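Take a look at the structure set out below.
In this note's numbering, the protein residues as written are 83 to 237.
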């Protein structure tokens with residue numbers, strides 16, 4: 083795949099064509115079939131456990147950040163980022179979530195604790211960007227989201 087700029091995309095590059103938000107097939111092509119499975123699983127999980135709560139909307143963050151898919155009611159829930167050959171979820175951890183995370187610090191996977199510890203703390207909390215490249219990563223994200231906002235349904 084060659085970008086309009088004539089360059090070959092690198093792993094982690096964002097979708098930056100601002101003419102229109104990407105559709106499902108564009109996301110699948112960009113992130114690849116394996117990453118798309120995790121992307122679809124996470125979207126389905128949110129729809130199943132939070133029915134009717136979120137109307138995800140595509141945001142364009144400029145040529146460096148590109149497109150991302152935000153789930154928000156009154157507060158941000160998560161933002162999914164389609165990156166070249168992978169996808170990530172951004173979870174903002176406010177004060178309450180950080181207390182809950184610290185209470186369970188020794189239950190989380192070491193990679194997630196390191197990501198959490200390394201994340202800069204802003205006024206609105208820690209912004210964790212969790213790359214989803216395995217079922218374990220996906221589980222980490224769903225656990226963080228469950229901690230952030232208890233599900234409406236258990237499936």
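No residue lacks a Cβ here, since even glycine has one placed at the ideal position from N, Cα and C. As the structure is a prediction and not an experimental result, all values here were calculated from the model.
Item: Tell me which residue opens and which closes the alpha helix (DSSP H) that residue 177 is part of.; Value: 177-185
Item: So does the stretch 148-161 actually touch the stretch 91-105, counting three or more Cβ pairs closer than 8 Å?; Value: yes
Item: Under the rule that 16 or more other beta-carbon atoms within 10 Å means buried, what is residue 234, buried or exposed?; Value: exposed
Item: If you scan the stretch 136-200 from start to end, which runs of the alpha helix (DSSP H) of 4 or more residues do you find wholly inside it?; Value: 144-147, 177-185, 192-200
Item: Below 7 Å between beta carbons: does that hold for residue 217 and residue 168?; Value: no
Item: Scan the stretch 91-115 and note each continuous alpha helix (DSSP H) run of 4 residues or more that stays entirely inside, going in chain order.; Value: 106-113
Item: Which whole-angstrom value is the C-beta distance of residue 95 and residue 166, which I expect to be below 8 Å?; Value: 4 Å
Item: In the DSSP assignment, the beta strand (DSSP E) including residue 208 goes from what residue to what residue?; Value: 207-214
Item: Quick check: the stretch 187-206 against the stretch 129-146, are there 3 or more CB pairs under 8 Å?; Value: no
Item: Kindly indicate the opening and closing residues of the alpha helix (DSSP H) around residue 230.; Value: 217-230
Item: Would you call the stretch 120-138 and the stretch 172-185 touching, i.e. three or more CB-CB distances under 8 Å?; Value: no
Item: Going by the beta-carbon positions, is the gap between residue 209 and residue 174 smaller than 7 Å?; Value: yes
Item: How many angstroms separate the CA atom of residue 187 from the CA atom of residue 226?; Value: 12 Å
Item: Give me the residue from 99, 160, 230 with the minimum Cα distance to residue 124.; Value: 160
Item: Quick one: residues in its chain with C-beta nearer than 7 Å to the C-beta of residue 135, no 5 flanking neighbours on either side, listed in chain order?; Value: 155, 234
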